[in-house]
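Chains as they are written, first to last, in my numbering: chain A, 4 to 385; chain B, 66 to 125. A virtual CB, placed ideally from N, CA and C, is assigned to each residue, including glycine. Quick caveat: nothing in here was measured; it's all calculated off a predicted structure. To keep things clear, I will list the structure first and then write my remarks on it.
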Amino acid sequence: MASVPHGGKLVQIELMKGDSRDKAKDLSEAIKVKISFETRIQIFNISNGILSPLNGFMGSEDCQNVIDNMRLANDTPWTIPVLLHVPEEFAAGNGDEITLVDESDTPVAQLVFEELYKINKREYAMKVFGTEEEAHPGVAKTYAASDRILAGKLKAVTKYENNAFENYTLVPKETRVLFKEKGWKDVIAFQTRNAPHIGHEYVQKTALAFADGIFINPVLGKKKAGDFKDDVILAAYQALVKNYYPKNSAVLSVLNYEMQYAGPKEAIMHAIMRKNFGCTHIAIGRDHAGVGNYYGPYAAHEIFKEFPDLGISAIFFREFFYCTKCSGIANEKICPHPESDRLTFSGTKLRKMFLSGEVPPKEFMRPEVSEVILNSKSAFVE
Amino acid sequence: MHNRIEEMIVKKNGFKSVSDYVTYVLREVVAMHETKEVPEPFTSSDIEQIKERLKALGYL
Numbered sequence: 004m005a006s007v008p009h010g011g012k013l014v015q016i017e018l019m020k021g022d023s024r025d026k027a028k029d030l031s032e033a034i035k036v037k038i039s040f041e042t043r044i045q046i047f048n049i050s051n052g053i054l055s056p057l058n059g060f061m062g063s064e065d066c067q068n069v070i071d072n073m074r075l076a077n078d079t080p081w082t083i084p085v086l087l088h089v090p091e092e093f094a095a096g097n098g099d100e101i102t103l104v105d106e107s108d109t110p111v112a113q114l115v116f117e118e119l120y121k122i123n124k125r126e127y128a129m130k131v132f133g134t135e136e137e138a139h140p141g142v143a144k145t146y147a148a149s150d151r152i153l154a155g156k157l158k159a160v161t162k163y164e165n166n167a168f169e170n171y172t173l174v175p176k177e178t179r180v181l182f183k184e185k186g187w188k189d190v191i192a193f194q195t196r197n198a199p200h201i202g203h204e205y206v207q208k209t210a211l212a213f214a215d216g217i218f219i220n221p222v223l224g225k226k227k228a229g230d231f232k233d234d235v236i237l238a239a240y241q242a243l244v245k246n247y248y249p250k251n252s253a254v255l256s257v258l259n260y261e262m263q264y265a266g267p268k269e270a271i272m273h274a275i276m277r278k279n280f281g282c283t284h285i286a287i288g289r290d291h292a293g294v295g296n297y298y299g300p301y302a303a304h305e306i307f308k309e310f311p312d313l314g315i316s317a318i319f320f321r322e323f324f325y326c327t328k329c330s331g332i333a334n335e336k337i338c339p340h341p342e343s344d345r346l347t348f349s350g351t352k353l354r355k356m357f358l359s360g361e362v363p364p365k366e367f368m369r370p371e372v373s374e375v376i377l378n379s380k381s382a383f384v385e
Numbered sequence: 066m067h068n069r070i071e072e073m074i075v076k077k078n079g080f081k082s083v084s085d086y087v088t089y090v091l092r093e094v095v096a097m098h099e100t101k102e103v104p105e106p107f108t109s110s111d112i113e114q115i116k117e118r119l120k121a122l123g124y125l
């Protein structure tokens, strides 16, 4: 049986009726808020239940409880607030319906006003990211945003147009049907933001050995410089699944989502989203959702202990490496040899190889995956 | 019971208070009950539409 949606209900926000362009013409008198592309993606995720039980943007009670206690005000586990930042001068009140528009003034959603409030950005940064340093990308984004927050329920949304990866974007109600049709009961989620090297494949396949299927769900969206580009990640995974996975054992679908690099707290959010997709388990490896040295390499393993009621089980993995003595892939739990015998799957090393046009050894990356990356014009975010 | 839990958490050093421990256990128990018999949030006609899309995309 698929996981019960987080908070007990899979949220589905209805589509706005009529053509959104016609609606835009009628908006001269409406209260409008211009939103970023990333917020547009968040609205897509809320409206399709990926962020269930949220049905809109958080109010102050939920926000404060999340940053203080890692739970919504009703005690449901939740570790990173979902907020709508609005300009300082924005004004609205009870009973107002607010139209959220994209950069071209096209309506994206109607929001029913609940509350306007302020956050303390330094407190937010410290409690969510564990640091106030602006070098942390999540902190920098927090500081750059307005501290004025609009809370409200989404009443209706427009269809997400121009999704470059629409044919690879499944929403929870689709994956839930898909897993059932495939006869999968135990489904492992695999979160990634990278093209797969052999270490990733071993994590996936080790987890898959104990489940009916694996849901490979790469995160596409705004990333930091040096990360793989979205189309490269998708094509690389297509090559891996096609050539190295038994038929009917893996589903590859993308998640449009902006990484926050909040380490352990983001690992919990990743688990919650995959629970809503119907996954029963999630694989958590080394430095999950981390950046720089802000989090311990296995901090994301520890945090799951605090959530006995999360409703999705985490399977933890130590880092895999190639051991020249074992002549195979191993990790520190199963390999007795010293570090000098180990070749680690360093993302930095792989990036350097690709940038110089070098093909990584097959012990590092499948040749079919390397080929996809080398054939792309520019594989990395600049 | 209170004393027993208090002794245990002092030894194991995992919880800050008896109240924390009890909350933890209750969350686990409540979650177990919440995961039972929750119907999927779509109708049979939704399912047919979903299957059509999944087939068209090559997932089924």
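query: Straight-line Cα distance separating Thr-145/A from Asn-220/A; result: 26 Å
query: Interface flag, Lys-12/A vs chain B, CB-CB below 9 Å; result: yes
query: Proximity below 9 Å, CB of Asp-108/A to CB of Ala-167/A; result: no
query: Buried or exposed (CB count within 10 angstroms, at least 16 for buried), His-284/A; result: buried
query: Proximity test, Cβ basis, 9 Å: Tyr-124/B and chain A; result: yes
query: Test item: CB-CB of Phe-60/A and Leu-153/A under 9 Å; result: yes
query: Residue-level contact to chain B via CB, Asp-215/A, 9 Å cutoff; result: no
query: Alpha carbon of Val-89/A to alpha carbon of Asp-150/A, nearest angstrom; result: 8 Å
query: Chain B within 9 Å of Leu-181/A, Cβ atoms only; result: yes
query: Any chain B beta carbon closer than 9 Å to Glu-269/A; result: no
query: Residues bridged to Glu-100/A (per DSSP); result: Val-115/A
query: Host beta strand (DSSP E) of Tyr-301/A (start-end); result: Careful: Tyr-301/A lies outside any beta strand (DSSP E) and carries neither H nor E.
query: DSSP beta-bridge partners of Lys-35/A; result: Thr-102/A
query: Residue range of the unbroken beta strand (DSSP E) whose run includes Cys-401/A; result: There is no way to answer for residue 401/A, as the model of chain A reaches only from 4 to 385.
query: Neighbour flag for Val-16/B against chain A, beta carbons, 9 Å; result: With chain B covering 66 to 125 only, the question about residue 16/B has no answer from this structure.
query: Inter-residue CB distance, Ala-148/A and Ala-112/A (contact presumed, cutoff 8 Å); result: Not a contact, Cβ separation roughly 19 Å.
query: Rounded distance between the beta-carbons of Ile-315/A and Lys-278/A, thought under 8 Å; result: 4 Å
query: Own chain partners of Leu-223/A with C-beta closer than 8 Å, once the 5 adjacent residues on each side are dropped; result: Phe-168, Asp-233, Ile-236, Leu-237, Val-257, Leu-258, Asn-259, Tyr-260
query: Three-state secondary structure (DSSP) of Leu-75/A; result: coil
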